[in-house]
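S.K.:
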Amino acid sequence: MRVRFAPSPTGSLHVGGARTALFNWLFARGRGGRFILRIEDTDRERSSPEMVEDILGALRWLGLDWDEGPFLQSERLDRYRQVANQLLSANQAYRCFCSTAELTAKRQAAAASGKPWKYDATCRGLSPDRVSERQARGMPSVVRFKGPREGEVAFEDRIFGRIAHRTEQIEDFVLVRSDGMPTYHLGVVLDDLDMKISHVMRGADHISNTPKQILLYRALQRPVPEFAHLPLILGPDRTRLSKRHGATAVTTYRDQGYLPAPFCNFLALLGWSSKSEAESLSTDELIRRFALEGVNKSNAVFDLEKLAWFNSQYLRNAPAERLFPLIRAELEKEGIWKEELGSSDRAWMLTVVDLLKKRVRMVSDFATQGRAFFADDFEIEAKARRKFLKDKALPLLMPDLAARLGSLPVFGLEETESALRTFAAENGVKAGLLINAARALLTGKAVAPGIFEVMVALGRERTVARLSGTSWVENEQEG
RNA sequence: GGCGCUAUGGUGUAAUUGGUUAACACGCUGCCCUCUCAAGGCAGAGAGUACGGGUUCGAUCCCCGUUAGCGCUACCA
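No gaps in the numbering here: position 237 of the first sequence is 270 in my numbering, and each next residue is one more.
Structure (structure tokens):
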């Protein structure tokens, strides 16, 4: 069993492409097949090497490793020309000299009068003499497939079932452009043939192209592979996902702090169902369960909320150890990484990660939401001030509380809690008032882990320093 | 316009391939817990399966039509 993913490098890898790649990969990994990567870069204008790099990078990030390739179509040009010539001499293709201008004029005329249009096969019957005469004159030409004029092309799609077209509605499509480059149709079938692809799994936007390709297989007298077309991924407005809908490139999800495993998990469930109750599945489970039978036919809407949920699930359940390198990268990005965190303070760092991971949605949140744990310079966010630092009694109470905590013989969870609560009782205020004020002062946030866990994590020294500091007071009085 | 495909709560999907009070997850609402926010627990709203016809004792499931959406209709893939 051999499958492939064949993106064209005209843009970065988008979520639809990633889903196609993932399905192919899951299919191969689940049944001992080979996953081949091929780059369809025959469109010179729109393809670029940078995009090839982007795509490879995105696939690596997703963890979709390939067994063969990447093969570039631009390196197989001789092969396409050879077969095109073979088709030409077998009278299964012909040279067409119609100019783009002529063609578009005809097409527009047809459209204007509401008539359907397909290439009118003007050059199909050209005599060999005329052809060589025109070529001698240097007239540019393309090679068109000489399709059958009657009959039917049908195939059994593994997902959509039987799909049939009448051949007369298929035009004589172009195989080789006037610049000598093959078109998509020639490229795919030849590559899939040469690379011995057994299952062609791709987006449903190719479903109407398949009959053309089958005609080519027939002309070449080669067996047709299995086809499995995948429903498309749409934006919230049910139109095809595009930049209009926000982020479509998988690298932007990577950069935003999503993790590959939950990202794949989410993608896998777009158009496919494991038929199990649990949806949060590891990559291994996805591999084990994936089957073409579970793929459905209708297009799916990309739901960011659910993706975020998968991500937070994964984060919450992941061992701190595994998250460590990712968080380190985020801290470096924020400029608050310190070498000790990787050595002497490593164990401490892991406990902080365990503390934070339960209420985080993205990896980047560790560096933003959790900044106060790793750095002493942090802002107290406006929301925290507003919610927790307004009380007039606070400027007097907090330094005293700090002193009380500072004098504790043991600085643990229970000790800090009972110290704070008795302090509150002595001063006739609710513990919550002090707790929340401490939250703002210690973390700079209105949202944080349990306050005594925070204190213990920060340690006595930093806790006392932050609680007794008074720089926040003036700001409050102004506001 | 032509051709093709699809159609279950707001979203993703289920429903022993004709027999269920139409299920699960995300999201949403309320309550509990509580030091915030999550998480967790509990309760709940939300679809009668696009619409209309058939077939059948019985249709989410089979057939036809309509509508809508999507795809293809390039010397783009």
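Backbone N, C-alpha and C define an ideal beta-carbon position, used for all residues, glycine too.
This one's a predicted model, so the numbers in the text were calculated from it and none came from an experiment.
Taking its Cβ as the centre, do 16 or more other Cβ atoms sit within 10 Å of Gln402, making it buried, or is it exposed?
M.R.: Answer is buried; the Cβ neighbour count reaches 16.
S.K.: Going by Cα to Cα distance, which pick from Leu46, Ala123 and Val480 is closest to Ser275?
M.R.: Checked all of Leu46, Ala123 and Val480; the closest Cα to Ser275 is Leu46.
S.K.: Locate the beta strand (DSSP E) running through Asp190, then write down its first and last residues.
M.R.: Unbroken beta strand (DSSP E) run through Asp190: Glu185 to Asp190.
S.K.: In whole angstroms, what separates the C-alpha of Leu467 from that of Thr455?
M.R.: Taking the straight line joining both Cα atoms gives about 11 Å.
S.K.: Select from Trp305, Ala380, Gly502 and Ala473 the residue whose C-alpha is nearest the C-alpha of Leu55.
M.R.: If we check each option's Cα against that of Leu55, Trp305 comes out closest.
S.K.: Buried or exposed: which applies to Met488, given that a residue is buried once 16 or more other Cβ atoms fall within 10 Å of its Cβ?
M.R.: With 16 or more other Cβ atoms within 10 Å, it is buried.
S.K.: Might you give, ordered along the chain, the residues of its own chain that have their beta carbon closer than 8 Å to the beta carbon of Glu486, omitting 5 neighbours on each side?
M.R.: Once the five neighbours on either side are set aside, the close Cβ partners of Glu486 are Leu388 and Leu446.
S.K.: Given that a residue counts as buried once 16 or more other Cβ atoms are within 10 Å of its Cβ, and exposed if not, what is Gly279?
M.R.: With fewer than 16 Cβ atoms within 10 Å of its Cβ, Gly279 is classed as exposed.
S.K.: Using C-beta distances below 6 Å, list every residue in its chain close to Glu511, excluding the 5 sequence neighbours before and after it, in chain order.
M.R.: Any reading at Glu511 needs caution, since the residue's pLDDT is 48, under 50, leaving its predicted position unreliable; the model's value is listed next. Closer than 6 Å at Cβ, skipping near neighbours: no residue.
S.K.: Hey, could you find the ends of the alpha helix (DSSP H) Glu459 is sitting in?
M.R.: Note, Glu459: alpha helix (DSSP H), Leu446 to Glu459.
S.K.: In whole angstroms, what separates the C-alpha of Ile143 from that of Thr200?
M.R.: The identity of residue 143 in the sequence shown is Ala, whereas the question assumes Ile. In a straight line, the C-alpha of Ala143 is about 21 Å away from that of Thr200.
S.K.: Label Ala117 either buried or exposed according to how many other C-beta atoms from any shown protein chain fall within 10 Å of its C-beta, with 16 as the threshold for buried.
M.R.: With 16 or more Cβ atoms within 10 Å of its Cβ, Ala117 is classed as buried.
S.K.: Starting from Arg271, follow the beta strand (DSSP E) in both directions and report where the run begins and ends.
M.R.: Run containing Arg271: none; DSSP gives neither H nor E here.
S.K.: From Val497 to Asp98, what distance separates their C-alpha atoms?
M.R.: Taking the straight line joining both Cα atoms gives about 50 Å.
S.K.: Using only the alpha-carbon positions, how far apart do Ser313 and Tyr291 sit?
M.R.: So the two alpha carbons sit approximately 15 Å from each other.
S.K.: Output needed for Gly49: all residues of its chain with C-beta closer than 7 Å, excluding positions within five of it in sequence on either side, in chain order.
M.R.: These residues qualify, in order along the chain: Gly236, Leu265, Ile266 and Leu274.
S.K.: Could you name the residues of the same chain whose beta carbon sits closer than 8 Å to that of Ala452, not counting the 5 residues immediately before and after it, in chain order?
M.R.: These residues qualify, in order along the chain: Arg437, Leu438 and Leu441.
S.K.: Please identify the residue among Lys339, Asn298 and Asp336 whose C-alpha is closest to the C-alpha of Ile320.
M.R.: That would be Asn298, whose Cα lies nearest to the Cα of Ile320.
S.K.: Would you be able to state if there are at least three C-beta pairs under 8 Å between the region 66-76 and the region 213-229?
M.R.: The region 213-229, when compared against the region 66-76, does touch it at the 8 Å Cβ threshold.
S.K.: Less than 8 Å separating the beta-carbons of Arg379 and Trp370?
M.R.: Their beta carbons are not under 8 Å apart, which means Arg379 does not touch Trp370 by this criterion.
S.K.: Any idea if Leu337 is buried or exposed, counting beta-carbon neighbours within 10 angstroms, 16 or more meaning buried?
M.R.: Leu337 comes out exposed.
S.K.: Where Gln125 and Gly213 are concerned, what is the direct C-alpha to C-alpha distance, given to the nearest angstrom?
M.R.: Answer to the nearest angstrom: the Cα atoms are 18 Å apart.
S.K.: Three or more C-beta pairs under 8 Å: does that hold for the region 122-139 against the region 99-106?
M.R.: Touching, no.
S.K.: What would DSSP say about Leu46, mapped onto helix, strand or coil?
M.R.: In the structure shown, Leu46 sits in coil (DSSP, three-state: anything other than H, G, I, E or B).
S.K.: Taking the CB atoms as reference points, tell me whether Phe104 and Asp190 lie closer together than 8 Å.
M.R.: In this structure, Asp190 does not lie closer than 8 Å to Phe104 by Cβ.
S.K.: Which of the three DSSP states, helix, strand or coil, is assigned to Phe335?
M.R.: Of the three classes helix, strand and coil, the one that applies to Phe335 here is coil, per DSSP.
S.K.: Which whole-angstrom value describes the C-beta separation of Arg37 and Ile230, a residue pair presumed to lie in contact below a C-beta threshold of 8 Å?
M.R.: Confirmed, Cβ separation roughly 5 Å.
S.K.: Between the Cα of Leu253 and the Cα atoms of Asp224, Cys131, Asp238 and His232, which residue gives the shortest distance?
M.R.: Per the Cα distances, Asp224.
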